[in-house]
Amino acid sequence: MMSQGAYKAEQAVGHGDNAVTAQDVTNPGMTEGAGDPNVKMKALAWMGKNKVEIVETKKPVIMEPRDVILKITGSTVCGSDLHLLHGTVVELQKGDILGHEFCGVVDEVGSAITNLQKGQRVVASFQIACGDCYYCKQKLSSQCEKTNANTIENAMYGGRTAGMFGYSHFTGGFAGGQSEYTRVPYGDVNLLPLPDDVPDEKGLFLSDVLATSWHAVVDTGVKKGDVVAIWGAGPIGQMAADFSLINGASRVIMIDSNWRLGYVQERYPHIETVDFSNLEKGESVTSTLKKMCNNRGPDISIECVAGEYAKGWAHYFEMALGLETDTSEIVNEMISSTRNFGSCGITGVYVGFTNHFNIGSLMERGIRLIGNGQAPVHLYWESLLKMVQEGKIDPLKMVSHRVKLEELDIVYDKFDKKEDRMQKVFVETKFSFPVAPGTPSLTTYKQ
Ligand SMILES: NC(=O)c1ccc[n+]([C@@H]2O[C@H](COP(=O)([O-])OP(=O)(O)OC[C@H]3O[C@@H](n4cnc5c(N)ncnc54)[C@H](O)[C@@H]3O)[C@@H](O)[C@H]2O)c1
Ligand SMILES: [Zn+2]
Ligand SMILES: [Zn+2]
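Residue -5 is where the sequence shown starts when you use my numbering, and the numbers rise one by one after that.
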């Protein structure tokens, strides 16, 4: 309701005039001139709070000279998609196609595309950047000034992010890649060619997870010898933990509450864990971390959870009643746990405003609180691709399942409930290549 109401408000106020690409093309079957009436495709669409469905719609067409139409060979579901599913990120409309992490094969190119050819394997960045504005010139692609004209975001935040695939009208309104085809605006800058020695099962994660986790680590400032605490042992937290060690951290401690901690202990044996649902009597996360770290606390704390997940009833009700959009509990826990003059980074998604923020501890103890932002994928993806090629980083560590696009509605539900030890999935389509050796084989749910 709130999500769709916000979109109506946006329509009433009108968009800004900064965008250089069409806005609100979230499903090629729903916008005049965006779809081919003769070619159908399957896609995963948001149909209301906690409801997604596989729909049949039109294949997208080239709308602008720098467009590329991609035949999707791999996509995935992100913790961010859960915020969309739950309706916490505003301005979704029924029928919007989701998915901001995907790779594929170039199917068609617009007249202005000279660096890509039909048949080439590529991965997309989750953000849509123009390639030459103030931020794009510095490769800070997630903050491109030219691809998102949303007025509500601009008023609420005092500035806009870039447009993003499958991430509501709040970020421009672009159809996502949980589909058989996707239109990629500014395809010449938003697609990175994948070399033959990097299969889709690895290359796909350059879209988001690898760049986001790497950014969380370097932007928060992990240095050699640091003790790093990471809240949230999902895929982002796991890769941030791995990257902290690669970046010289002496210890990494992960905080979560479920089987994911067991997964971490199996696959990342050097990482320590704290189960916040099973602490020693009378202890808190903060007191536990102090004890583990010389009674001072970690040097660096990184938030890889999200503001929508309240820990106690107080914030649960404040959010339910609209008194705040995000809980401050995890951020407060990070601030009080971190050693004096240490740093805290927020990579998990926070949407708006929070109450009971511990500004006193932050100020008095000199804690540096850093919003890591939506991660600027273009800044890192070439060097991360090289690290994947050299085997320095292994994205497969976090991948639990391979599933079919046609069953993605079931997968969303399982991923949301953390059933079947499901975390990062590889979603195949009818166009996918054969399963790469050493990657999970297909799991099916429908007969
Ligand atoms: N900034 C960016 O560019 C960017 C990009 C991708 C994802 N994200 C965000 O990063 C976050 C993590 O993504 P993910 O895919 O790993 O999500 P996920 O939902 O798979 O993982 C989140 C984890 O947090 C845990 N958790 C819940 N409450 C907790 C608490 N109080 N303390 C500690 N852990 C708690 C959950 O059990 C879960 O394991 C999400 O908010 C996602 O939207 C940000
Ligand atoms: Zn994501
Ligand atoms: Zn730009």
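The beta carbon of each residue, even a glycine, is placed where N, CA and C say it ideally should be.
Quick check on the burial criterion: 16 or more other C-beta atoms within 10 angstroms. Buried or exposed for residue i?
{"i": "Ser377", "result": "exposed"}
{"i": "Met392", "result": "buried"}
{"i": "Tyr310", "result": "exposed"}
{"i": "Tyr151", "result": "exposed"}
{"i": "Met35", "result": "buried"}
{"i": "Lys140", "result": "buried"}
{"i": "Leu200", "result": "buried"}
{"i": "Gly160", "result": "buried"}
{"i": "Lys112", "result": "exposed"}
{"i": "Ser173", "result": "buried"}
{"i": "Glu260", "result": "exposed"}
{"i": "Pro229", "result": "buried"}
Taking a contact to mean a Cβ-Cβ separation below 7 Å, would you say residue i touches residue j in this structure?
{"i": "Arg359", "j": "Asn334", "result": "yes"}
{"i": "His80", "j": "Phe120", "result": "no"}
{"i": "Gly(-1)", "j": "Asp61", "result": "no"}
{"i": "Gly142", "j": "Gly153", "result": "It should be noted that the sequence gives Asn, not Gly, for residue 142. No; because the gap between Cβ atoms is not below 7 Å, this pair is not in contact."}
{"i": "Lys196", "j": "Pro434", "result": "no"}
{"i": "Val405", "j": "Ser74", "result": "no"}
{"i": "Val33", "j": "Lys65", "result": "no"}
{"i": "Glu210", "j": "Ala235", "result": "First, the residue type needs correcting, since residue 210 is Ala and not Glu in the sequence shown. In this structure, Ala235 does not lie closer than 7 Å to Ala210 by Cβ."}
{"i": "Gly166", "j": "Leu92", "result": "no"}
{"i": "Gly8", "j": "Thr51", "result": "no"}
{"i": "Asn349", "j": "Glu302", "result": "no"}
{"i": "Leu255", "j": "Ala300", "result": "no"}
{"i": "Val212", "j": "Ser238", "result": "no"}
{"i": "His395", "j": "Thr437", "result": "yes"}
{"i": "Asp101", "j": "Trp40", "result": "no"}
{"i": "Thr341", "j": "Ser295", "result": "no"}
State the Cα-Cα distance for the pair residue i and residue j, rounded to the nearest angstrom.
{"i": "Cys124", "j": "Leu76", "result": "27 Å"}
{"i": "Asn379", "j": "Leu38", "result": "The sequence given here has Leu at residue 379, not Asn. Roughly 28 Å between the two C-alpha positions."}
{"i": "Gly10", "j": "Gly68", "result": "34 Å"}
{"i": "Ile399", "j": "Lys284", "result": "The amino acid occupying residue 399 in the given sequence is Leu; Ile does not appear at that position. Each residue's alpha carbon lies about 45 Å from the other."}
{"i": "Cys127", "j": "Asp182", "result": "15 Å"}
{"i": "Lys88", "j": "Glu384", "result": "43 Å"}
{"i": "Ile48", "j": "Phe96", "result": "17 Å"}
{"i": "Lys2", "j": "Ser162", "result": "13 Å"}
{"i": "Pro431", "j": "Lys305", "result": "41 Å"}
{"i": "Glu147", "j": "Glu274", "result": "43 Å"}
{"i": "Thr176", "j": "Pro189", "result": "21 Å"}
{"i": "Glu26", "j": "Val84", "result": "24 Å"}
{"i": "Ser281", "j": "Gln368", "result": "31 Å"}
{"i": "Asp220", "j": "Ala16", "result": "45 Å"}
{"i": "Lys418", "j": "Val258", "result": "13 Å"}
{"i": "Tyr129", "j": "Ser135", "result": "6 Å"}
{"i": "Asn289", "j": "Arg245", "result": "15 Å"}
I need the boundaries of the beta strand (DSSP E) containing residue i, first residue and last residue.
{"i": "Pro389", "result": "That residue, Pro389, is in no beta strand (DSSP E); it is neither H nor E in DSSP."}
{"i": "Pro229", "result": "Looking at the DSSP string, Pro229 is not in any beta strand (DSSP E); the run it does join, the alpha helix (DSSP H), is Pro229 to Ile240."}
{"i": "Ala37", "result": "Gly29 to Gly42"}
{"i": "Glu506", "result": "As displayed, the chain neither begins before -5 nor continues past 441, which places residue 506 out of reach and without an answer."}
{"i": "Asp403", "result": "Premise fails: Asp403 lies in the alpha helix (DSSP H), Leu402 to Lys411, not in any beta strand (DSSP E)."}
{"i": "Asp250", "result": "Arg245 to Asp250"}
{"i": "Ala156", "result": "Unbroken run through Ala156: none, as it is neither H nor E."}
{"i": "Leu363", "result": "Arg362 to Gly365"}
{"i": "Leu185", "result": "Leu185 to Pro187"}
What distance in whole Å lies between the Cβ atoms of residue j and residue i, which are believed to be in contact at a cut-off of 8 Å?
{"i": "Ile240", "j": "Trp225", "result": "Wrong, their Cβ atoms sit about 20 Å apart, outside the cutoff."}
{"i": "Ile247", "j": "Glu266", "result": "5 Å"}
{"i": "Ile107", "j": "Thr214", "result": "Contact flag wrong, Cβ pair sits at about 36 Å."}
{"i": "Ile329", "j": "Asn352", "result": "5 Å"}
{"i": "Phe164", "j": "Ile122", "result": "About 14 Å separates the two Cβ atoms, so there is no contact after all."}
{"i": "Val116", "j": "Leu185", "result": "4 Å"}
{"i": "Val421", "j": "Thr70", "result": "6 Å"}
{"i": "Glu58", "j": "Pro179", "result": "6 Å"}
Counting along the chain, where does the alpha helix (DSSP H) carrying residue i start and finish?
{"i": "Glu358", "result": "Ile353 to Glu358"}
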